[in-house]
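Chains as they are written, first to last, in my numbering: chain Y, 192 to 591; chain R, 192 to 591. Remarks on the structure that follows.
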């Protein structure tokens, strides 16, 4: 059992090719990407829980229900293809042209989109670019990881070569996301492939478990997009079909989760305007829901987020956010730690080394807040970013 | 039936005196205020729903349950007297000294506090200032309205002289609040007096109704404080005791509500760093809860708030916030208007005059967003502010 982490994305697979080019949807830079599978690949996906869904999400949800295999994933940035006039028609036309160009079935295309909501989709720009997209197919995961970005700055890419009981398999993945990041993954996209043979149901369970521990535990601004999608694909080239009771399956899920946590953390680090990578860890809640409620209340508090930006260990704002979360709590049992310094314990503020705590806030790019309710056995952790002038700048200027 | 609005606060009452001085709790400026009633006054109050409550709130809640009358309201800014070591003891000592100094019962003092959470309360600073506070008693509502401020810039003060069926009565009120403003009133304080004779129960119902339509419909940042308090007091000097079925009572509640809406709007206008006064009006929801959920989701969306700051009519962010609110909705029936321009109607983005809409966003200090779900009969409106660089500056720098 061992595992080597690299950052090659899908380039670790010989049967997966990628391509990314500029089609003109965005004002500058690459904006159209394709992941192509030489052979039919099984797949499973999770989507935004926003009741307003982009056309690609509506299309893919249907595809997941009816289709066993896909051969390609088309991704564009610059236009979310949501709440617009021609969205459904655009997808129809693109898929028709794409399946013809690549000689695959018209039900073998998965489609993901990100960008501005409500604008007409420039179908022709995409269909005109398909030939070029095909010509460029190769080991281009790095370029692809850049082409799917919107306001995020850095590509998010990982790959793993793992060995279990003599079987060597791979995981490769990319992600995008920097704003509108909250609860159930928001304007975030992630595409993950493996060559390990897994049934569709196993893919589904594995993805759900990994996403619950990673992408569903990050928050930049508490907003949630109409387009969020995480897709897991298997080329089924390696090993025998393994059942979910098998220890090999558990090993795979662990590795998949590691990949997803890495990408989720990269999203937070690249959070719009973020200067700090923060984590809130809630312990001892009555229920899982309560633990999660408190973590989200703290992570989404504008006052907590600005205090962290201001390098201020303002635990009063943390305690207020715990109090208004709606979760069951007893202030007389509450404990709060910032870094490893206890600031509040069993209803009382603590004497602590103020210089050390200020230093912790100032010198660390990574801030941890521990909240122990001491009333139950449920825990939850959430990664989040601070709220900064740069966030305001980015989001006050991002056009419509 | 007529009513004259002025901005004299409690100075319209001969039997109410006010005083505000500097005691040294804050680094500069007045920070201690007293409202003094010549005769016993009936009272009713609503408090924060935060589960972490300041010591003054815990004290006042008990007072409301057990006491018929008060003679004074003591207010300090600069220290919230919450989650600290000596809070309960501080209140005990202050009330003992205050009741002695002013020769009133020790159960006739209402106490409200605002400022930083978690710091030891400087009891001596307050008790040492009581004599000076007494000497200064007079018609000082303007000074008082300033002394209770923290990060807000402008005093919020109103008074009314109203006539109903030949009876002339008054309402006078002040408020504070600029940040941590959300759901059920946060770090906001408001003190309202009338001379109209009302039973304790009528005061309670009147206040609840007025607050539901005013202070509970504002949001600056979605945070909620540990200290929020709205207090309504009657000196019982005017008129006969009126029942809640009486039309005079309805008239009083309407006027009280007007006062509260005025103060609530002033809080939003003075919202930390705010450049725009915004209102979201939700119509046609299935339930009142859904209407409120959508209004809060839109008003608290960092992306909507920054778009308004950027003068950008980004309705995509509005629609996304409607979608993730959790409320029942059907995008195919949804209508959205910004100002009087329809941007989205029955599932489709609309052709509209972009120049006119941009001008509306740029030229107006007051922005209205209308959301019609077209699926039911429930409505809700909420006042909120935009999210700006100045907000970040204020809250990243506000010390602990």
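We put the beta carbon where it would ideally sit given N, CA and C, even for glycine. Small disclaimer: the values here were computed from a predicted structure and weren't measured.
Neighbour flag for residue i against chain Y, beta carbons, 7 Å
i	result
residue 372 of chain R	Only weak support is given to the placement of residue 372 of chain R: the predicted model assigns it a pLDDT of 45, under 50, and the question is left unresolved by the model.
residue 365 of chain R	no
residue 314 of chain R	no
residue 511 of chain R	yes
residue 417 of chain R	yes
residue 409 of chain R	no
residue 264 of chain R	no
residue 507 of chain R	yes
residue 459 of chain R	no
residue 501 of chain R	yes
residue 576 of chain R	no
Any C-beta of chain R under 7 Å from that of residue i
i	result
residue 376 of chain Y	With a pLDDT of 35 at residue 376 of chain Y, under the threshold of 50, the modelled position of that residue is not reliable, and the figure given next carries that caveat. Answer no: the Cβ-Cβ gap between residue 376 of chain Y and chain R never drops below 7 Å.
residue 328 of chain Y	no
residue 207 of chain Y	no
residue 282 of chain Y	no
residue 520 of chain Y	yes
residue 446 of chain Y	no
residue 587 of chain Y	yes
residue 580 of chain Y	yes
residue 540 of chain Y	yes
residue 583 of chain Y	yes
residue 201 of chain Y	no
Expected contact under 8 Å - CB spacing of residue i and residue j to nearest Å
i	j	result
residue 440 of chain R	residue 467 of chain R	That pair is no contact at about 37 Å.
residue 425 of chain R	residue 389 of chain R	5 Å
residue 297 of chain Y	residue 285 of chain Y	Residue 297 of chain Y to residue 285 of chain Y, Cβ: 10 Å. No contact.
residue 586 of chain Y	residue 431 of chain Y	So it is not a contact: roughly 49 Å between Cβ atoms.
residue 417 of chain R	residue 239 of chain R	6 Å
residue 451 of chain Y	residue 401 of chain Y	4 Å
residue 207 of chain R	residue 228 of chain R	6 Å
residue 444 of chain Y	residue 236 of chain Y	That belief does not hold up - the Cβ atoms of residue 444 of chain Y and residue 236 of chain Y are roughly 16 Å apart, past 8 Å.
Opposing strand residues paired with residue i [DSSP bridges]
i	result
residue 238 of chain R	R:420
residue 355 of chain Y	Y:358
residue 534 of chain R	Per DSSP, none; premise fails for residue 534 of chain R.
residue 232 of chain Y	Y:261
residue 469 of chain R	R:558, R:575
residue 526 of chain R	R:536, R:563
residue 304 of chain R	R:267
residue 193 of chain Y	Y:354
residue 347 of chain Y	Y:366
residue 227 of chain Y	Y:208, Y:263
residue 329 of chain R	R:209
residue 474 of chain Y	Y:563
residue 380 of chain R	R:367, R:420
residue 385 of chain R	R:362, R:425
residue 409 of chain R	R:574
residue 569 of chain Y	Y:476
Closest by C-alpha distance to residue i, when choosing among the options
i	options	result
residue 312 of chain Y	Y:329, Y:277, Y:502, Y:380	Y:277
residue 470 of chain Y	Y:464, Y:410, Y:222	Y:410
residue 202 of chain Y	Y:515, Y:328, Y:321, Y:581	Y:328
residue 306 of chain Y	Y:368, Y:226, Y:284	Y:368
residue 339 of chain R	R:580, R:495, R:557, R:210	R:210
residue 482 of chain R	R:452, R:462, R:518	R:518
residue 393 of chain R	R:222, R:405, R:436, R:330	R:436
residue 366 of chain R	R:523, R:227, R:456, R:408	R:456
residue 325 of chain R	R:445, R:553, R:532, R:263	R:263
residue 543 of chain R	R:553, R:530, R:511, R:228	R:530
residue 578 of chain R	Y:294, Y:533, Y:582	Y:582
Proximal residues of chain Y, C-beta to C-beta of residue i below 9 Å
i	result
residue 535 of chain R	274, 309
Per-residue contacts from residue i into chain R (C-beta, under 7 Å)
i	result
residue 241 of chain Y	511, 514, 515
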